[in-house]
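**Student:** Numbering (our numbering), first residue to last: 510 to 783.
Before we start, here is the structure in question, set down as structure tokens.
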């Protein structure tokens, strides 16, 4: 009887020890017990618990899954910036312009697109454009230009010789067109009819002069001579209007518009009527 009880006790104790050992094997070890570590995988960011060998094996599996077995450059500082390098006199140096954050544009410098500039330079420029089809035949030539006179006779002779070489044997002239002869004839006939007395003649002249002054105030003026336009001419290059004498004298000194300095020749002048 006593032997049976003891055998039962031994069997129960063995079963209990077996259950405790199986529980200890199935239970996860806490960090710090028997070299167990808790960390995160640098590849998949999964929390891991285990020994160093288990962590290393997990990282190797993640690398194999992603195919990142090759070595990649690692940015230790974490700024992610790359600077342009060049070699001079056997030494590798960093280009100073690459140190500017955002390049020249972010630093306030004017930048240009070289590709766009090259495309603009490739555009064909037609300099032999015939304006006679659009604006009619030229009304003035080099012969109409009033040359600029100089105080030195030698310089005048050189200018005359150069002018003669430019003109050659061609001498183009223009028809001055209608003038103010009608108004002058009218005024003369009016004055001749008013010969009743000298006082009436003086009063008529004063009234006529006052009318002329009132008309000049309302008319547009030339910006060169600051007077009412006399034979106004316009340039087909810049469309600025000046008197005929102002244009021809200016072109005798320089081939530029006196108002905007646009290159202008005598063949670009056209008569207009205001």
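Using N, Cα and C, we set each Cβ at its ideal position, and we do this for glycine too.
When you compare the CB positions of residue 647 and residue 744, do they come within less than 7 Å of one another, or not?
**Tutor:** Walking along the chain shown from the start, residue 647 turns up at place 138. Walking along the chain shown from the start, residue 744 turns up at place 235. No, the Cβ-Cβ distance between residue 647 and residue 744 is not below 7 Å.
**Student:** Counting C-beta neighbours from all protein chains within 10 Å, is the total for residue 512 16 or more, i.e. buried, or is it exposed?
**Tutor:** As a position in the chain shown, residue 512 is number 3, starting the count at 1. Exposed: under 16 other Cβ atoms inside 10 Å.
**Student:** If you follow the beta strand (DSSP E) that residue 748 is part of, which residue opens it and which one closes it?
**Tutor:** On the chain shown, position 239 is the one that residue 748 refers to. First-last for residue 748: undefined, no H or E at that position.
**Student:** Can you list, in chain order, the residues of its chain with a C-beta nearer than 7 Å to that of residue 552? Leave out the 5 residues immediately preceding and following it.
**Tutor:** The sequence position of residue 552 within the chain shown is 43, counting from 1. Counting only Cβ-Cβ distances below 7 Å, and skipping sequence neighbours, we find 568, 571, 572 and 575.
**Student:** For residue 604, name the three-state secondary structure that DSSP assigns.
**Tutor:** Counting from 1 along the chain shown, the entry for residue 604 is found at position 95. Residue 604 falls in the coil class under three-state DSSP.
**Student:** Could you name the residues that DSSP lists as bridge partners for residue 780?
**Tutor:** Numbered from 1 along the chain shown, position 271 holds the residue referred to as residue 780. The partner list for residue 780 (beta bridge, DSSP) reads 742.
**Student:** Pair every Cβ in the segment 766 to 776 with every Cβ in the segment 745 to 754, then say whether three or more of these pairs are closer than 8 Å.
**Tutor:** In short, these stretches touch, since the Cβ pair count reaches three.
**Student:** Report all residues from its chain with a CB closer than 7 Å to the CB of residue 758; omit the five preceding and five following residues, and keep chain order.
**Tutor:** Here residue 758 refers to the residue found at position 249 of the chain shown. Cβ neighbours of residue 758 beyond the five flanking positions: 655.
**Student:** Tell me whether residue 752 is buried or exposed, calling it buried when 16 or more other Cβ atoms sit within 10 Å of its Cβ.
**Tutor:** Against the chain shown, residue 752 aligns to sequence position 243. Residue 752 comes out buried.
**Student:** Name, in chain order, the residues that DSSP records as bridge partners for residue 557.
**Tutor:** Position 48 of the chain shown holds residue 557. According to DSSP, residue 557 bridges with 548.
**Student:** Verify the CB distance criterion: does residue 764 have a CB-CB separation below 7 Å to chain C?
**Tutor:** Although the question refers to chain C, the structure presented lacks it and comprises just one protein chain.
**Student:** Tell me which same chain residues have a C-beta within less than 6 Å of the C-beta of residue 750, skipping the five on either side of it?
**Tutor:** Walking along the chain shown from the start, residue 750 turns up at place 241. Once the five neighbours on either side are set aside, the close Cβ partners of residue 750 are 741 and 743.
**Student:** Residue 594 lies in the beta strand (DSSP E); which residues open and close that run?
**Tutor:** Working through the chain shown from its first residue, we reach residue 594 at position 85. That run of the beta strand (DSSP E) goes 594 to 597.
**Student:** Tell me which residues share the same chain as residue 756 and place their Cβ nearer than 7 Å to its Cβ, disregarding the 5 neighbours each side in the sequence.
**Tutor:** For the purposes of this step, residue 756 is identified with residue 247 of the chain shown, where counting begins at 1. The answer, listed in chain order, is 742 and 778.
**Student:** Can residue 749 be considered in contact with the ligand PLP, in the sense that its beta carbon sits closer than 6 Å to one or more heavy atoms?
**Tutor:** As far as ligands go, the structure on display features none, and thus does not contain the ligand PLP.
**Student:** Would you mind stating whether residue 593 and residue 601 have Cβ atoms separated by less than 7 Å?
**Tutor:** The residue labelled residue 593 in the question sits at position 84 within the chain shown. The residue labelled residue 601 in the question sits at position 92 within the chain shown. The answer is no: Cβ separation not under 7 Å.
**Student:** How long is the line joining the alpha carbons of residue 518 and residue 563, rounded to whole angstroms?
**Tutor:** By one-based count along the chain shown, residue 518 stands at place 9. By one-based count along the chain shown, residue 563 stands at place 54. Spanning the two alpha carbons is a distance of roughly 41 Å.
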